[in-house]
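Chains as they are written, first to last, in the numbering used here: chain A, 189 to 340; chain B, 189 to 340.
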DNA sequence: GCAGATTGTTAGCCTTGTCTAACTTTATGC
DNA sequence: GCATAAAGTTAGACAAGGCTAACAATCTGC
Ligand SMILES: [Mn+2]
Ligand SMILES: [Mn+2]
Ligand SMILES: [Mn+2]
Ligand SMILES: [Mn+2]
């Protein structure tokens, strides 16, 4: 990730001594928000490569529910950030970094989803909520989710 | 909310027959994302009014961890959307609609937080994760969270 | 009651993420 | 092998949400 420095920076309080703990929480949330889209894209791209053999922009657009130009621009940003490689009119490939992120995201998605299902949620709602929640669970929370899902 | 029509629209599939269920999930997530900031602001404003007697931009900026001009611009949007009223150089007030949203948000925040704590999470992490997760839990999930937190 | 500090506003810049319209390239079917 | 369809790109608009710099209003302490 390009912007993860912020994530880390927050840890040792870069603020000029305004360090309200609430402000720090919001900083963390904003940092997470900045990565959401990239995470969803690489996760989807990995899945398409796995199930279809390749990740084509048209399929990304369909699954994401956005238009083709939106996908094009987003892919350009992902390429700039070193998560994918692409060539004009060709399908999309993940870089090593992209693959690593995709794997991590899939793992998180999986755990959050299993957790919600194990709480008794219907699968459609679980899928929808997981898609949003997955970007906002810390390692600790994830561990607790995994433990709960396994134990039940 | 101004943009909530989207939320509802999604329910009876407005897409031209591309209705991938994944796409619908992402539509829902994007709709939730559009309301996150407004939700955080009205919740904070309500809290400031309650604890300080009034909500001043400077305090909003401190708690949110952003600069004053950012707050100013955001407050203008909230006013435009009918959630607050404000006058130049004066503190901020919630409209009826704003109060309703704030109440709902506080309720959701509370439940998500209690739920995370009841899972065994430390309070700092719980607060941080709740701040992000709260915007992505459906009514159903919230009900399950509440039940779990109460039962434990 | 005024100087200086604090608070608030305005202007303007930047990036992200969405869209439509128009065009180009590639794939497909006969 | 060519016409048409499908996929992809490019250009450009627009709103949100962040920032800094500069200025204006208000508050505070003496
Ligand atoms: Mn997601
Ligand atoms: Mn996901
Ligand atoms: Mn929040
Ligand atoms: Mn909250």
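Don't be surprised by glycine CBs; every beta carbon is placed ideally from N, CA and C.
- Along the segment 236-251 of chain B, going in chain order, the ones with a CB nearer than 8 Å to a CB of chain A are 250 and 251.
- Between residue 303/B and residue 331/B a beta carbon distance of about 11 Å is seen, past the 8 Å cut, so the two are scored as non-contacting.
- Nearest Cα to residue 223/A within the set 339/A, 323/A and 208/A: 323/A.
- For ligand 4, no non-hydrogen atom lies closer than 7 Å to the CB of residue 235/B.
- Taking all protein chains in view, the Cβ of residue 246/A is surrounded by fewer than 16 other Cβ atoms within 10 Å, so the residue is classified as exposed.
- Spanning the alpha carbons of residue 244/A and residue 281/A requires a straight line of approximately 10 Å.
- With a cutoff of 7 Å, residue 241/B does not count as near ligand 1, since its C-beta is closer than that to no heavy atom of the ligand.
- A distance criterion of 7 Å places the beta-carbon of residue 208/B beyond contact range of ligand 2, judged by its closest non-hydrogen atom.
- Under the three-state reduction of DSSP, residue 282/A is assigned to strand.
- Contact note: residue 329/B reaches chain A through 304, 307, 309, 313, 314, 317 and 321, using a C-beta cutoff of 9 Å and chain order.
- Residue 298/B has a beta carbon lying at 8 Å or more from every beta carbon in chain A.
- Bounds of the alpha helix (DSSP H) holding residue 330/A are 327-339.
- For the segment 239-275 of chain A, the full-length alpha helix (DSSP H) segments reaching 4 residues or more read 245-252 and 256-268 along the chain.
- Note on residue 256/B: under 16 other CB atoms within 10 angstroms of its CB, so exposed under the neighbour-count rule.
- About 12 Å separates the beta carbons of residue 259/B and residue 272/B, which is beyond the 8 Å limit, so they are not a contact pair.
- The beta carbon of residue 318/A is closer than 7 Å to those of 297, 300, 301 and 304 in its chain, skipping five residues each way along the sequence.
- Contact of residue 210/A with chain B by beta-carbon distance below 9 Å involves 232, 250, 251, 252, 253, 315 and 319.
- With contacts defined by Cβ atoms closer than 8 Å, residue 294/A and residue 231/A form a contacting pair.
- With at least 16 other beta carbons inside 10 angstroms of its own, residue 251/B counts as buried.
- Cβ neighbours of residue 225/B within its own chain (closer than 7 Å, five residues either side excluded): 262.
- Contact annotation: residue 266/B and residue 227/B have beta-carbon atoms that are not nearer than 8 Å.
- For residue 332/B, the residues of chain A that pass the 7 Å Cβ criterion are 307, 308 and 309, in the order they occur in the chain.
- Any Cβ of chain A closer than 8 Å to the Cβ of residue 325/B would place that residue at the interface, and such an atom is present.
- Annotation: the continuous alpha helix (DSSP H) that includes residue 319/A extends over 311-321.
- By the 16-neighbour rule on beta-carbons within 10 angstroms, residue 275/B is exposed.
- Taking a Cβ-Cβ cut-off of 9 Å, the neighbours of residue 220/A in chain B comprise 320, given in sequence order.
- The straight-line gap separating the alpha-carbon atoms of residue 284/B and residue 316/B is approximately 28 Å.
- With its beta carbon at least 8 Å from every one in chain B, residue 290/A lies outside the interface.
- Against chain A, the CB of residue 295/B has no partner CB under 8 Å away; the residue lies outside that interface.
- In the assembly as shown, residue 270/B is an exposed residue. Its beta-carbon has fewer than 16 other beta-carbons within 10 Å.
- In this structure, residue 292/B has its beta carbon at no less than 7 Å from each heavy atom of ligand 4.
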